[in-house]
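Here my numbering is used: the first residue of the sequence shown is -19, the next is one more, and so on. Read the structure below first, then the notes.
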Amino acid sequence: MKLLLTTLNSKYVHSNLALKYLYASAESSRRNIDIQEFTINNDDDYILTELLRKDYDLICFSCYIWNVEKTLYLAETLKKAKPDQKILFGGPEVSYDVVPFMGQHKFVDFVISGEGEGPFSEFAESMISGTPELERIRGLTYRIDGKIFVNPPAPPLVFESVPFPYLSLVCEDDKVMYYESSRGCPFQCSYCLSSIERKVRTLPMERVRSDLSYFIYKQVKQVKFIDRTFNWDRRRCAEILQYLILSDNGVTNFHFELCGDLVDEELIRLLAQARPGLFQFEIGVQSTHEKTLAACNRNSNFPRLAENVKRLKALGNIHLHLDLIAGLPYEDYASFRSSFNDVYQLKAHQLQLGFLKLIKGAPIREQAEEHGYIYRSKAPYEIISNNYMTALDLVRLKKMENLLDLYYNRGGFRRTLDFCMDSLELAPFDFYEEFADYYYLKGFQHKSHKKEDLYRIFLLYAGWKERFIPDIKNTMQELLTLDMKETLNPDAVKKFERKGWEIL
Ligand code: SF4
């Protein structure tokens, strides 16, 4: 029997850690198992040909909000092409409401709910044996002669029993390497699936050091820790960071999700010793509105978090990424404006404006009626409106998000943006809102623009702005030129100078 573990990642540089865990855990079945990863941007024909040509007996799909719709379509097509093809689904997107899910999708033969390592290992072994005893596999739901059977859930895994997955696979060093030193989160944010599992399981420090030494030895470009709140245990966090500082190979970058409130003096002192570029931190702020944070069960203190972010920023060696979520309970357009302004003034390297997703299994989905949530019926179940924001409010924020990504997050406009914040007499939110209105009114959203054109569009906005602030266009042109020379390569700058500021 031949099995394939597969998924659709959202980008080529991403890789799927869950598949690697499943493969590594099913040690006795590995010679019968292949792994092949695709992206959601791959052509359907390409994926179907790859899946069919090797004639697998069983194909196992790992499903998430970003890939489940396309995965369902591919699996259904596979079953039509090869009716005896066995299909298994697993992952967070299919771990809830399993029976209705299987009732609706008759081409799915098996679903593994919850943590997959233990159940998949037993399942693969049982299938390969030729006499599967499906009723014994906890966490498995299966279909026999059209009837659905649900086994009891699998017990929580002993986390350290999961092998380090990269040792049994070829190292894909052109991709982001994902790593998990702890599983679960001690916090209970209502919009997050991790809030369900309150107990945090950790790998022993010795194991973590040994795993990390592999990435350091291989000189991979980036390792992303998927630990949900890396600094929930400050001592453990400091121990791992110290190990990475001492073992730094001068190349590898490590990314972590931190709780901003828990950053302390000791951590700051330790981080001051890190090579610039060694660490990248993502800190979820989500909102600065107290009523909103309380309604989401987030016990966050924004003044303390802001102070900590400023101290991290002042070190000058850490790349900082902050997140905001639009659409949380009690957050209306005005209060989101204030959250945005509060967070923007911290001047992180990246500011992500995300939109609430009412994901299956997250507690906030149970409160949809209370807050009047209307959300998309298909994954990723993004908010359309609620009692506090209309659909049009959220569309205005989508426009701003686009401009924020193009001009702030992708970089290359630092001087000009700083000037706008100081001289346009607009709060950051109002500037991005106005610039976005201008951009969409002129129709620039209808095509994708090269970086060079973004400078030209910015100058057009400056020209429009000159009606209200005399002589601003010349100043902004000088700043845009400086920003461009710092960002584009010399050939691109020469080409720009030949073509001029006119956008064609
Ligand atoms: S949002 Fe972050 S802190 Fe909150 S429960 Fe999820 S992982 Fe934990």
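Idealized CB from N, CA, C, for every residue including glycine.
For residue i, the residue or residues it bridges with in DSSP
i, result
"Met157", "Val203"
"His269", "His269 pairs with nothing; no bridge assigned."
"Glu115", "Looking at the DSSP assignment, Glu115 forms no beta bridge with any residue, so it has no partner."
"His235", "Lys204 and Gln260"
"Val91", "Phe69 and Thr121"
"Phe18", "Leu(-12)"
"Lys127", "Ile124"
"Ile298", "Phe259"
"Arg181", "Arg163"
"Ile339", "Ile339 pairs with nothing; no bridge assigned."
"Tyr355", "Ile363"
"Ile13", "Leu(-17)"
Three-state secondary structure (DSSP) of residue i
i, result
"Asp303", "strand"
"Ala162", "According to the sequence shown, residue 162 is Ser rather than Ala. Looking at Ser162 - three-state DSSP - the assignment turns out to be strand."
"Leu54", "helix"
"Leu(-15)", "strand"
"Ile225", "helix"
"Phe476", "helix"
"Cys514", "Only positions -19 to 484 of the chain appear in this structure, which leaves residue 514 out of reach."
"Gln332", "strand"
"Tyr388", "helix"
"Glu219", "helix"
"Ser170", "coil"
"Ser365", "strand"
"Ile449", "coil"
"Tyr310", "coil"
"Tyr441", "helix"
"Tyr412", "helix"
"Ile27", "helix"
"Ile248", "helix"
"Asn454", "helix"
"Ala407", "coil"
"Phe144", "coil"
"Phe139", "helix"
C-beta contact flag for residue i and residue j at 7 Å
i, j, result
"Lys198", "Tyr158", "no"
"Leu173", "Gly341", "yes"
"Leu2", "Ile39", "no"
"Ile483", "Asp417", "no"
"Asn485", "Cys239", "Residue 485 is absent from the structure shown; the chain starts at -19 and stops at 484."
"Ile15", "Leu31", "no"
"Val78", "Val91", "yes"
"Ile206", "Glu160", "yes"
"Leu487", "Tyr310", "What is shown of the chain runs -19 to 484, which leaves residue 487 out entirely."
"Asp89", "Ile124", "no"
"Glu115", "Ser106", "no"
"Asp303", "Gln332", "yes"
"Val200", "Asp154", "no"
"Tyr412", "Met380", "yes"
"Phe448", "Asn321", "no"
"Lys37", "Lys(-18)", "Before going on, a small fix: residue 37 reads as Asp here, not Lys. For Asp37 and Lys(-18), yes; Cβs fall inside 7 Å."
"Arg119", "Pro145", "Position check: residue 119 holds Gly in this sequence, whereas Arg was assumed. Cβ distance not < 7 Å, so Gly119 and Pro145 don't count as in contact."
"Gln330", "Asn389", "yes"
"Leu459", "Phe399", "yes"
Residue from the options with nearest C-alpha to residue i
i, options, result
"Ile452", "Lys427, Glu405 and Lys475", "Glu405"
"Phe335", "Leu250, Ile363 and Lys430", "Ile363"
"Ser75", "Ala275, Phe41 and Leu462", "Phe41"
"Phe259", "Lys(-18), Phe236, Cys276 and Ser280", "Phe236"
"Ser357", "Leu383, Asp191 and Ile45", "Ile45"
"Asp373", "Gln425, Ser315, Leu338 and Arg395", "Ser315"
"Ala286", "Tyr310, Gly257 and Tyr324", "Tyr324"
"Gln253", "Gly264, Ile225 and Val231", "Ile225"
"Ser(-10)", "Asn12, Asn22, Pro283 and Asp385", "Asn22"
"Arg181", "Glu349, Glu73, Asp154 and Asp213", "Asp213"
"Met185", "Gln222, Lys179 and Glu97", "Gln222"
"Asn366", "Tyr(-8), Thr121, Glu270 and Glu350", "Glu350"
"Glu140", "Trp481, Glu97, Ser175 and Arg116", "Glu97"
"Phe87", "Leu52, Gly119 and Tyr36", "Leu52"
"Leu137", "Ser101, Val150, Val156 and Ser109", "Ser101"
"Lys179", "Thr(-14), Leu440 and Ser162", "Ser162"
"Lys327", "Asp228, Asn288 and Ile305", "Asn288"
"Arg255", "Lys271, Cys151 and Phe234", "Phe234"
"Gly230", "Cys43, Phe195, Arg395 and Asp322", "Phe195"
"Arg436", "Ile176, Leu292, Phe476 and Leu295", "Phe476"
"Pro343", "Met369, Leu397 and Glu177", "Glu177"
"Gly257", "Gln202, Tyr387, Phe167 and Val142", "Gln202"
Expected contact under 8 Å - CB spacing of residue i and residue j to nearest Å
i, j, result
"Asp463", "Phe393", "5 Å"
"Ala6", "Ala104", "5 Å"
"Leu(-12)", "Lys50", "6 Å"
heavy atom of the ligand HEM below 6 Å from residue i C-beta
i, result
"Arg317", "This structure does not include the ligand HEM; its bound ligands are the ligand SF4."
Min CB distance residue i to chain D below 7 Å
i, result
"Leu326", "This model lacks chain D altogether, as it is built from one protein chain only."
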